[in-house]
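A.B. asks:
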Amino acid sequence: MRKLFAAAALALFALPGAAMADDKVNAKGEAELAKMLEGRVAGKPVKCLPTHAMDNSTIVDGTAIVYRSGSKLYVNRPRSGADQLDDDDILLTKLYGSQLCNVDKVDLIDRSSRMWSGFVLLGDFVPYQRVKTSAR
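Position one of the sequence shown corresponds to residue 3 (my numbering), numbered consecutively onward.
#1: Which residues in the same chain as R79 place their Cβ atom closer than 6 Å to its Cβ, once the five residues preceding and following it in sequence are excluded?
#2: What does DSSP give as the partner residue(s) for G120 in the beta ladder?
#3: Examine the Cβ distances between the segment 40 to 57 and the segment 99 to 113 and report whether three or more of them are shorter than 8 Å.
#4: DSSP on K134, reduced to helix/strand/coil?
#5: How far does the beta strand (DSSP E) with Q101 in it reach, from first residue to last?
#6: In whole angstroms, what separates the C-alpha of G41 from that of P47?
#7: Comparing the C-beta of K46 with each C-beta of chain D, is any distance below 8 Å?
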């Protein structure tokens with residue numbers, strides 16, 4: 003009985019520390035994303051992106067996937083699994099057409115072991131364009 007009580011107490015005290023660690027990771031990811039989007043304004047979210055127009059993608063730890071198309075950035079904050087995003091992972095996307103959409107699943111592959119490490123369910127894609135400054 004004492005062992006059970008001790009284990010329950012240990013778990014109770016360990017949980018707040020784990021939650022605080024997750025907040026730090028998300029704060030770091032949010033700061034990284036804000037730096038990427040500096041000088042850009044958000045547009046109307048879109049449900050799908052044509053894959054032929056995508057140049058590359060960047061994973062922001064625990065936060066989002068950023069897709070580049072020309073000078074425009076599309077930020078996707080997954081509906082589920084964002085906490086599993088690691089910038090060292092490889093994105094494995096199965097396409098069922100010529101577009102990547104907000105109903106698609108993206109698998110995460112660990113770069114060093116080449117093992118499956120999780121997945122995310124994509125959300126809407128928010129476009130960000132640079133703010134045009136007027137020349138005087």
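From the three backbone atoms N, C-alpha and C, an ideal C-beta is built for every residue, glycine too. Note that the structure is predicted; figures quoted are calculated from it, not measured.
C.D. replies: Reading from the atomic positions:
#1: Here residue 79 corresponds to residue number 77 of the sequence shown, with the count starting at 1. Excluding sequence neighbours, R79 sits near A66, G125.
#2: Here residue 120 corresponds to residue number 118 of the sequence shown, with the count starting at 1. Beta-bridge annotation (DSSP): G120 is paired with L110.
#3: Verdict: yes, contact present.
#4: As a position in the sequence shown, residue 134 is number 132, starting the count at 1. K134 falls in the coil class under three-state DSSP.
#5: Counted from its first residue, the sequence shown places residue 101 at position 99. Taken as a continuous stretch (DSSP letters only), the beta strand (DSSP E) holding Q101 covers 101 to 103.
#6: As a first step, residue 41 is located in the sequence shown; it is residue number 39 there, counting from the start. As a first step, residue 47 is located in the sequence shown; it is residue number 45 there, counting from the start. Using only the alpha carbons, I get a separation of about 18 Å.
#7: As a matter of chain content, chain D is missing from the structure shown, which is built from one protein chain.
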